Amino acid sequence: MPRSISEMYADYWSRPEFQQVYQGARVPLYKKMAEIAAEVQAQTVLDVGCAYGQFVDFCNTAGMDAWGVDLPVPQLMEHHRSLERSQGRFFYGAIEEPALWDKISSLRPWDLITCIDTIVHLPDPASLVRLRARYYLVKTDYDNRRNRKQRQNQNDFRLWSPCDLAALFQGYAVRRIYLPRFRGKFNNPPRWLLRWFNAFMPSYVVLLARTQPEPLPS
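Just add 904 to wherever you are in the sequence shown, counting from 1, and you've got our numbering.
This is the structure we're talking about:
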């Protein structure tokens, strides 16, 4: 009988090498993402695939009402309980189950939803868009061409699901595209540029807005 996606990722989080990366090298990324959340004046924030919860904790420390959702993996849940400013602001469920998305939708309206390196792992990425957040901040960490090759070598193809962000977020304006490691950015770029990044760049961050307010400052 095939394992569920939740069971597969429980194995992932049990590996010490991944624990070290997410609790160490990635912390500056989470800080920068929290700065962007503050810049768009997000009051309610949801991080889908929150891992150890550092981004959620940075946002709560800055005065936002931030929540995280991830799989009910003991390693993650134990770390969440250690985050003093964010205790009780995590909930858990199987990403392949509609009940989880119903719970997220009923919790509160979201100013900002973040998805950091996790959108390719969602069985139904459109579930994010149906939550109708004011802003989405999405970081990708895959290359469509390389990803197709990787999927051929995966024991379970459900772990990887490339998606076209320009098509997925059709009702959203592209406000910014950040280069890898935030070494540069494009303000209010044309939509074709997001399609180009989606096809050729292995990693980038994009900020999308449900409406088109005044352009962000440079």
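The beta carbon of each residue, even a glycine, is placed where N, CA and C say it ideally should be.
As the structure is a prediction and not an experimental result, all values here were calculated from the model.
* Bridge-paired residues (DSSP) for residue 1080 -> Residue pairing of residue 1080 in beta bridges, as defined by DSSP: 1091, 1111.
* Residues of its chain near residue 980, where Cβ-Cβ distance is below 7 Å and the 5 sequence neighbours each way are ignored -> 917, 955, 956, 974
* Take every Cβ of the segment 928-944, pair it with every Cβ of the segment 1011-1020, and state whether three or more of those distances are shorter than 8 Å. => yes
* Asked: Can you tell me whether DSSP reads residue 1020 as helix, strand or coil?
  -> strand
* Inspect the CB distances between the segment 985-1004 and the segment 1076-1087 and report whether three or more fall short of 8 Å. => no
* Is it buried or exposed for residue 1007, if we count other Cβ within 10 angstroms and need 16 for buried? -> exposed
* Figure out for me which residue from 971, 985, 970 has the closest Cα to the Cα of residue 977. => Of all alpha-carbon atoms in 971, 985, 970, the one lying nearest the alpha-carbon of residue 977 is that of 985.
* **Closest by C-alpha distance to residue 1034, when choosing among 1075, 1070, 1042, 1000** => 1075
* To do: Could you say which of 983, 946, 1013, 919 lies nearest to residue 1111 if we only look at CA atoms?
  => The option with the nearest alpha carbon to residue 1111 is 946.
* Can you tell me which of the three DSSP states residue 970 falls into? => Looking at residue 970 - three-state DSSP - the assignment turns out to be strand.
* Asked: With respect to the beta strand (DSSP E) encompassing residue 996, which residues constitute its N-terminal and C-terminal limits?
  -> 994-996
* Residues near residue 922 in its chain [Cβ-Cβ closer than 8 Å; skip 5 each side] -> 916
* Asked: In three-state DSSP terms, what is residue 1004?
  -> helix
* To do: Measure the C-alpha to C-alpha separation of residue 998 and residue 1004 and round it to an integer number of angstroms.
  => 7 Å
* In angstroms with no decimal places, state the Cα-to-Cα distance between residue 1107 and residue 1045. => 5 Å
* Inter-residue Cα distance where the pair is residue 942 and residue 963 -> Here the alpha carbons of residue 963 and residue 942 stand approximately 8 Å from one another.
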